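Colleague:
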Amino acid sequence: MTLHDAGVAAAYGCIPGAASMICAIIVIWWKMPLMAQACLQNTAGGIVLGAVAGELLPIIHHAQQSHGLQADLGFIIGSAFALIFMFLVDRFCNQHSNDSNHSVVQPEDPDEVKMEIASARSNI
Numbered sequence: 037m038t039l040h041d042a043g044v045a046a047a048y049g050c051i052p053g054a055a056s057m058i059c060a061i062i063v064i065w066w067k068m069p070l071m072a073q074a075c076l077q078n079t080a081g082g083i084v085l086g087a088v089a090g091e092l093l094p095i096i097h098h099a100q101q102s103h104g105l106q107a108d109l110g111f112i113i114g115s116a117f118a119l120i121f122m123f124l125v126d127r128f129c130n131q132h133s134n135d136s137n138h139s140v141v142q143p144e145d146p147d148e149v150k151m152e153i154a155s156a157r158s159n160i
C-alpha cells in the first residue's frame, strides 16, 4: 500500500463523519417534518438491521451446517428470550400509564409540544 492509497482510504473514511457533522449543523436551524423524521429513522433502522444480518447470517449458516439441531434450538431459545426481555422492559417502562392516579396529558398543539421539549432541554 502506498502513501497515496492510504490517503485515499483515509479520505473515504472521513466522508461519513463529515456528512454527519454537516447534517447535524443543518438540523440546528432546520426542523424536519415529523413524517420525514420517521422515514429517515426507519431507513437508518433498516440499514443497521441489514448490516447486522450481513455479519450474522454467515455465522448462523456455518453453525447450522456443523451443529444442526443444536444451532436451531439455540436460535429459537435466544429469540424467545430476546422477545420476552423486550416485552418486560416495555411493561416496566409503561406501567405508570395503567395507574389511575397518573394522568397522561396529550397536547393537541404541535407548538405546545415544541415548547415542552425546549423547556425540558433547558432543564438538563
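Numbering (the numbering used here), first residue to last: 37 to 160. Backbone N, C-alpha and C fix where the C-beta goes; we use that ideal spot for every residue, glycine too. Nothing here was measured: the structure is a model prediction, and the numbers come from that model.
Taking Cβ to Cβ, would you say A107 is nearer than 8 Å to A99?
Modeller: The answer is yes: Cβ separation under 8 Å.
Colleague: Is P94 helix, strand or coil when you go by DSSP?
Modeller: Three-state result, P94: helix.
Colleague: Taking I96 and F111 to be in contact with their CB atoms under 8 Å, please state how far apart those CB atoms are, rounded to whole angstroms.
Modeller: Correct: roughly 7 Å between the Cβ atoms.
Colleague: Taking the alpha-carbon positions, what's the M57 to I51 distance?
Modeller: Cα to Cα, the separation comes out at about 10 Å.
Colleague: Can you tell me where the alpha helix (DSSP H) holding Q106 begins and where it ends?
Modeller: From DSSP, the alpha helix (DSSP H) with Q106 extends over L105 to C129.
Colleague: How big is the Cα-Cα spacing for G49 and G43?
Modeller: When rounded, the distance between both Cα atoms is 10 Å.
Colleague: Determine the DSSP secondary structure at K150, reduced to helix, strand or coil.
Modeller: Helix, per DSSP.
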